[in-house]
Every structure is written in C-alpha cells, then in structure tokens.
Amino acid sequence: MSRTLKIYVGLLILLFVGIIAIEFSTPAPVNWQKTYNETHTIPYGTFIFYEELINLFPESKVEEVKVTPYEFFDDYYTWEDSTYLTTGTYVVIDEYPNLDNTSAQELLDFASHGNDIFISSNYFPDRLLDSLGFDTQNEYTFKGKAEFTFTNPVFESDSISVEKGLNNIYFSKIDTLNTTVLGHQKFDDETYTNFIEVPWGSGSFYLHVQPVAFTNYHLLKKDNRKYASSVMSYIGDDTIFFDSRNKSRKKLNNSPMRFILSQPALRWAWYIVLLATILFLIFNAKRRQRIVEVKVPLKNTTVDFTKTIGNLYYETKDHDNLIEKKITYFLEYIRRVYYLDTQILDDKFVKNLSLKSGKDNDDVKKLINQIVYLKAKTRCNEGDLLRLSKAIEDFYTT
-8 MSRTLKIYVG
2 LLILLFVGII
12 AIEFSTPAPV
22 NWQKTYNETH
32 TIPYGTFIFY
42 EELINLFPES
52 KVEEVKVTPY
62 EFFDDYYTWE
72 DSTYLTTGTY
82 VVIDEYPNLD
92 NTSAQELLDF
102 ASHGNDIFIS
112 SNYFPDRLLD
122 SLGFDTQNEY
132 TFKGKAEFTF
142 TNPVFESDSI
152 SVEKGLNNIY
162 FSKIDTLNTT
172 VLGHQKFDDE
182 TYTNFIEVPW
192 GSGSFYLHVQ
202 PVAFTNYHLL
212 KKDNRKYASS
222 VMSYIGDDTI
232 FFDSRNKSRK
242 KLNNSPMRFI
252 LSQPALRWAW
262 YIVLLATILF
272 LIFNAKRRQR
282 IVEVKVPLKN
292 TTVDFTKTIG
302 NLYYETKDHD
312 NLIEKKITYF
322 LEYIRRVYYL
332 DTQILDDKFV
342 KNLSLKSGKD
352 NDDVKKLINQ
362 IVYLKAKTRC
372 NEGDLLRLSK
382 AIEDFYTT
C-alpha cells in the first residue's frame, strides 16, 4: 500500500469516526410535523389523547377505523329496514381529514339514525357545509396567542391559552336556528366561534376548528387536558369509532433503499459508502504515467557499412581502388564545403584551399601533392594507402 493511499484511508477512517461521534452526541431533532396520528408521540401526534379516551369513556369501547367512513359504515347498514347494526360516535381529529362527499353523506346518514359525529378539523367537505348550513374562513396564519373558551359557564374554568400551531380558522357562517355555539377562540381583541353543535336527524354533529388542542404538545402543557375533556363531554358514552386512516400523509417510498434511508444509522453508513466510492473514483481516475518503453537508438549503419567495405578492400589488397575512392570522396568534400574547383590541383588551388580551410599552407600542399602523385601512380601499395588515410584524417581533425 502506497503512502498516499494510506493517508486517504486514514482520513476516511477519521471522517467515519467523526460522523459517528457527531451522530451519537447530537440529540435527535424534534419532529414538528402535524401528523395527528394516534401512534405518534411527537408534539403534534395524538397518542396521549387516544390513550386517554379509555379513561374519558370508561364504559365505551374504542374502535379504530382504518378505512373511509363509507367503507366502514356501509357494512353495518341493512337495506331491509334502512338501519345501522351499530351505534356510537365517529371521531375525526385532523387538519385535512380527506373526507370525500360520499363519506360525508355516509356520516350524515349515520348521524340521522341517532349517532354523533365529532370532527375537529380546519377544513370540511362541501357536502357537510351545504347540508349543515355552515361555512369557515381563514383570515390569516396566526402566530400569536389565542384563548379557547366555552359558552357553557360550567366549563368556564376549563378555558386555555394556546400559543403554538394555531390557524385563524373560524366559523364565519352558521344556521342560527338549528346550530348551538359551544365555544369561542379569541385572537388579539377579536372573538370567533370555533366549536358548534348541529343536530341532524336523531343525532348531532360536533364541529371544532382547532385540532391542535388535542395534540400531545398542548395536552401536556399546564391544565390544557381539561379543555379536551370538556369538549369530549358533549358526546355520548356509546362506542367510539376513532378515525386512524392515513394520518401521516407521507407517501410510501417505493425505492428499495427506503428502509436504509429511514434509519439514521443506516442512512449515514450509506452516505459514507457513497462518499468513499466517489473519493476512490476521483483519486484513481487521474491519468497514470504509462511505462516509458526503452527505445534503443538506431545504429549508424552507414559507419558500419563503411567499415565493412573498407575491410573488404583491405583484405583483398585492392589498394589502388581504395586509394582512388578516398581521393574521390576527399575532393567531393572540398567542393561541397569550400566551393573550390578540383579539376586542376595546382599552387593556386592549394593557396585557395589553405585560405578557406584555415589550414597551414605547407600541410595542404603536401596533401595535394600526395594526391597528385598517387593519382598518377600505376601501382600503389599498403604504405601509400596508410599515408594518404593519415594525411586526409589530419586535414579533417586539425
């Protein structure tokens, strides 16, 4: 393992340890989502309220309803005598209860047979608005303090002050001939209706517009539980059908990673693996220096060839031919380098060559005389070849 790779591994381990330390030392953040779910213990869940229903109604049975009111009560309806095989109170606590008009009509039918419906919500289906003759209005989102009170003086001491999670929704229109105002809410100096009873057939609708009053956060503050208890005292002691369907409103993630991402420890582990993979790819994606192939320089075959040819002539004792070629190559060199005519090798040629080459005039004259002599000689020997070779080599190098 290289030193650089060891450093990267060490940094990754330190990062992993640091994230684990931060994760375990940091308290879990409070979830302020308004779920109104009876299984949630977060501030805006209704776990406490649901658990206390047994104490509020000791003689009643609490039954969870996980389907729509239409699906639930339609199974209890008998068409032969147009009655329901069950009785009780249907309870809904949610900002957005998602009651469609079909379910709203089912609740109207259920109430008309002598049952009660309790809805604490910010919004109501149009079927209920039209049938019960009421309407709501939301002036603005309220962030201050509000007081919830009852019209019944018996519950005067159960009034509460609420400071968090409020909406300024109130009943802006009611059927005054048939509707009973049960409670108010006071924002600043304005008082609005927030709790009403509307009779329907042999039963009644109890409508409330501040569901936050029934959440864990507010029930645990001071004596706020008295307010919720007083609100629920208006309904009967029969079976309570508690709406527990789709409270979280969080769509189930279809990703195969949904479980890992839902668990903080697994989620961080997954992120660290991704980060490590990305770092690995980044540092290994750098262009590496390829192995430089050792190139053997090309041999000067001309020199080898010349040596070979020279050895051939020398071994065959053909001194005349070799002397002739040496003279020919030397004179060609004179013509190419010094631009002198080599047809006549006289004293004038010697003088010009000495001047252009910078060689001593006597040395040049000896070389030229030797060339003239050997060109005229009919039979040359080895000594002539060696003397000529040395003289020409001295001219090149001196």
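Per my numbering, numbering through the sequence shown is continuous, rising by one, with the last residue being 389. We put the beta carbon where it would ideally sit given N, CA and C, even for glycine.
For residue 73, the secondary structure class from DSSP, reduced to helix, strand or coil, is coil.
Taking all protein chains in view, the Cβ of residue 184 is crowded by 16 or more other Cβ atoms within 10 Å, so the residue is classified as buried. Under the criterion of beta carbons closer than 8 Å, residue 206 and residue 37 qualify as touching, at roughly 6 Å. By the CB criterion at 8 Å, residue 196 and residue 102 fall inside the cutoff.
For residue 179 and residue 135, the gap between their C-alpha atoms comes out near 8 Å. The way I'd put it, the region 92 to 102 does touch the region 46 to 64; three or more beta-carbon pairs between them come closer than 8 Å. In terms of CA proximity to residue 329, 350 leads the group 350, 173, 368.
For residue 126, the pairing in a beta bridge is given by DSSP as 164. Counting of Cβ neighbours within 10 angstroms places residue 313 among the buried residues, the total reaching 16 or more. Shown here for residue 172: same chain residues with a beta carbon closer than 6 Å to its own, the five before and five after excluded, namely 142, 184, 187 in chain order.
Inter-residue distance for residue 1 and residue -6 is about 11 Å (C-alpha atoms, whole angstroms).
Just so you know, the alpha carbons of residue 177 and residue 139 end up roughly 7 Å apart.
DSSP places residue 8 in the uninterrupted alpha helix (DSSP H) bounded by -6 to 16. Its chain contains 47 as the residues whose beta carbon lies nearer than 7 Å to that of residue 223, once the 5 sequence neighbours on both sides are disregarded; these appear in chain order. With a minimum length of 3 residues, the unbroken runs of beta strand (DSSP E) contained wholly in the region 59 to 104 fall at 80 to 84. In the DSSP assignment, residue 137 falls within the beta strand (DSSP E) that extends over 137 to 141. In the structure shown, residue 40 adopts helical secondary structure according to DSSP, grouped into three states. Around the C-beta of residue 9, fewer than 16 other C-beta atoms lie within 10 Å, and the residue is accordingly described as exposed.
In the three-state DSSP reduction, residue 57 falls in the coil class, being neither helix nor strand.
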